[in-house]
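Per the working numbering, the sequence shown starts with residue 1, numbered consecutively.
Right, one structure below, let's go through it.
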Amino acid sequence: SNTSMKWSKVIENNTVEEWHRFYISYKALKKKIKRLQQSYTDRDDDKYQRLCSEFIEQLKQDLEMVEGFYTREEHRLLKGFCSKQELYALEKYAYLNAEGFRKIVKKYDKKLKQNISGSYMPLFMSKSFYMHRSLQQYHAKVNELYEPIISVALRGASTSYADISLHFNAAYYAQRERTMMDSSCCACMKPAYDWLQLRCMKWFQTARHPALFRLHLVYIAVIICLLSLSVIDIYATYSRKRNM
């Protein structure tokens, strides 16, 4: 299920092919942590220290690479020469990498009983891609139907990246981007995520979707009117036959 999907697989499933060289080396960093665990178990201090240095160096290189790529793309998109799909693609790129960095230092701390998160999380959060507020603000400005790639519903009560649980649904967001420019939900007129039914994700949650509830009331009213007209027509026909 998506809730148990490994983050390396989430990144892999959502990588923009043209950008594949600019994502965090999440799988490689995980392998370094496993090698560190083994060297710690073997009490090989020299190897342990060398692997620690390699991990930190790779982490820093990836961080600068992601930040550099993101800022270049954001600068290009904020000039206004872009589509909604490109904006969503960059936001997804930012989120995938932000969570990747958070998760990998958390895993490092857990597996090796360290606390590098305390020093690295402020560094991550200082980067433009980590919260990508400028991109979100611009997207909301040019698209009145804009919703963040990770909505409040997915975050729960949290507004912090550090507390977001893994609910990233690759297929859902891929479909969201494909339909974003062409279709709207027939209930709330927001972007539709279902080509056949043109319904958004809230369609099946009537109690939480006021627009859908109102639409149902309209349907019921129309059906009642049609039934009433049918009954009146039948009664009129019957009356004419009796009079004849």
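Glycine included, every Cβ here is placed at the ideal spot set by N, Cα and C.
All values derive from a computational prediction rather than experimental measurement.
Terminal residues of the continuous alpha helix (DSSP H) containing residue i?
i	result
residue 48	45-78
residue 24	Run containing residue 24: none; DSSP gives neither H nor E here.
residue 146	Neither: residue 146 is in no alpha helix (DSSP H) and is coded neither H nor E.
residue 115	Where residue 115 is concerned, there is no enclosing alpha helix (DSSP H), given that its DSSP letter is neither H nor E.
residue 128	128-131
In this structure, how does DSSP classify residue i when only helix, strand and coil are distinguished?
i	result
residue 16	coil
residue 136	helix
residue 82	coil
residue 6	coil
residue 236	helix
residue 42	coil
Look at the alpha carbon of residue i and the alpha carbon of residue j, and state the distance between them as a whole number of angstroms.
i	j	result
residue 14	residue 226	48 Å
residue 236	residue 222	21 Å
residue 217	residue 126	49 Å
residue 199	residue 132	No answer about residue 199 holds up, because its pLDDT of 40 lies below 50 and its placement is not dependable.
residue 117	residue 35	19 Å
residue 101	residue 224	57 Å
residue 82	residue 230	53 Å
residue 128	residue 69	11 Å
residue 63	residue 122	13 Å
residue 60	residue 142	34 Å
residue 76	residue 22	16 Å
residue 67	residue 130	9 Å
residue 90	residue 74	8 Å
residue 85	residue 110	37 Å
residue 104	residue 140	30 Å
residue 12	residue 58	19 Å
residue 51	residue 96	25 Å
residue 71	residue 42	42 Å
residue 243	residue 233	16 Å
residue 134	residue 124	16 Å
residue 56	residue 48	12 Å
residue 238	residue 228	15 Å
residue 146	residue 29	34 Å
residue 241	residue 144	59 Å
residue 38	residue 78	46 Å
residue 44	residue 115	21 Å
residue 33	residue 219	58 Å
So the candidates are the options; which of them puts its Cα closest to the Cα of residue i?
i	options	result
residue 65	138, 236, 135, 25	25
residue 88	12, 229, 230, 16	16
residue 136	99, 114, 94	94
residue 54	70, 69, 31	31
residue 40	91, 242, 113	113
residue 98	37, 28, 43, 120	120
residue 7	141, 219, 107	107
residue 80	51, 138, 228	138
residue 27	9, 20, 18	9
residue 92	19, 232, 219	19
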